[in-house]
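Colleague: Just so we're aligned, residue 414 is where the sequence shown starts under our numbering, counting upward by one.
Just so you know, even glycine gets a beta-carbon here, dropped at the ideal spot from N, CA and C.
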Amino acid sequence: MPRTDVSKKLTDADIEAAFPSSPRHVRVTANIVTVTSSDGNISNLPEESEEECSPDGEVDYQSLAEKVDVDHWLSSLGDYLIYSNNHLKPSNMVSAHYKLDRFPDGYKLFIHRKGPKSDPRRDHYLYGSSSERCRKFRSPEEFALHLLWLAHGQPRDKKEFLKTKTNRSRVKGKRTQKSKSKSTHTEPSKIFAKDYTGLNQGQGVRPTYSKPIYPLFCSLPNLNILYLTE
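1. Output needed for N457: all residues of its chain with C-beta closer than 8 Å, excluding positions within five of it in sequence on either side, in chain order.
2. Which residues share a DSSP beta bridge with K549?
3. By the three-class DSSP mapping on this structure, what secondary structure does S451 have?
4. Classify P533: buried if its beta carbon has 16 or more other beta carbons within 10 angstroms, exposed otherwise.
5. Name the DSSP bridge partner or partners of G528?
6. Consult DSSP for F516 and reduce its assignment to one of helix, strand or coil.
7. Could you tell me the distance, in whole angstroms, from the CA atom of Y511 to the CA atom of V439?
8. Just confirm the distance between the C-beta atoms of S450 and A564, as a whole number of angstroms; I'd bet it's less than 8 Å.
9. Whole angstroms are fine: how far does the CA of S531 sit from the CA of H525?
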């Protein structure tokens, strides 16, 4: 699927349809998305540490992520934010890709290196959130729903808001063995907490970005799953 830039500016009606509860917290110009709401706070950012090698050749330090990694996160999140809103008609974004112009205010992406100096493990974390339950996010997928919550103006009942957006079904009570065998879908695990991008790979394997990542939605009864494919 070719990557196509979008020169058309989405109308206020388009944005109103995509974000009916609080459209003022999202701006879309061409293929650039801006989220103006944030719960970020720079006081929640970790301190950068310098690279120091232990006597046995091990390192363990954290610093700001490189631009290529930041751009990858912003592109993945921009696509998610637009394509996850079914109110926008597909005709408005055929073969289009979107990108956040920046992380919400107060957020910064860090990289943690740990292991042998010659080939340390590299893990990326997005810090800045004021949430008591999650101070850092390990992948764009893990941050996606929190970003959607910010885009809607941080509704007070976050749990209920996310429940309506993920549209996950819950089976109450015990099911018989027979019903289990016929079940075609079940309550998914935390799909947004998985690192589909491969950014947090162990053993020092650095990801490559030779191919763009495309979002693909698969709709099942009472279940919407976001896949990222090359």
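Modeller: The structure says:
1. Locating residue 457 in the sequence shown gives position 44, counting from the first residue. Result list for N457: G519, Y540, G541, S542, S543 and R548, in chain order.
2. Taking the first residue of the sequence shown as 1, we reach residue 549 at position 136. The partner list for K549 (beta bridge, DSSP) reads Y540.
3. Counting from one through the sequence shown, the residue named residue 451 turns up at place 38. If DSSP states are grouped into helix, strand and coil, S451 belongs with coil.
4. Counted from its first residue, the sequence shown places residue 533 at position 120. Counting Cβ neighbours within 10 Å, P533 comes out buried, since at least 16 surround it.
5. Residue numbering aside, residue 528 sits at position 115 when the sequence shown is read from its first letter. BP columns for G528 point to V472.
6. Counted from its first residue, the sequence shown places residue 516 at position 103. DSSP places F516 in coil when its eight states are reduced to three.
7. Position 98 of the sequence shown, counted from the first residue, corresponds to residue 511. Position 26 of the sequence shown, counted from the first residue, corresponds to residue 439. C-alpha separation (whole angstroms): 13 Å.
8. Here residue 450 corresponds to residue number 37 of the sequence shown, with the count starting at 1. Here residue 564 corresponds to residue number 151 of the sequence shown, with the count starting at 1. The pair is a contact, with the Cβ atoms about 7 Å apart (cut-off 8 Å).
9. Position 112 of the sequence shown holds residue 525. Position 118 of the sequence shown holds residue 531. The straight-line gap from Cα to Cα measures roughly 15 Å.
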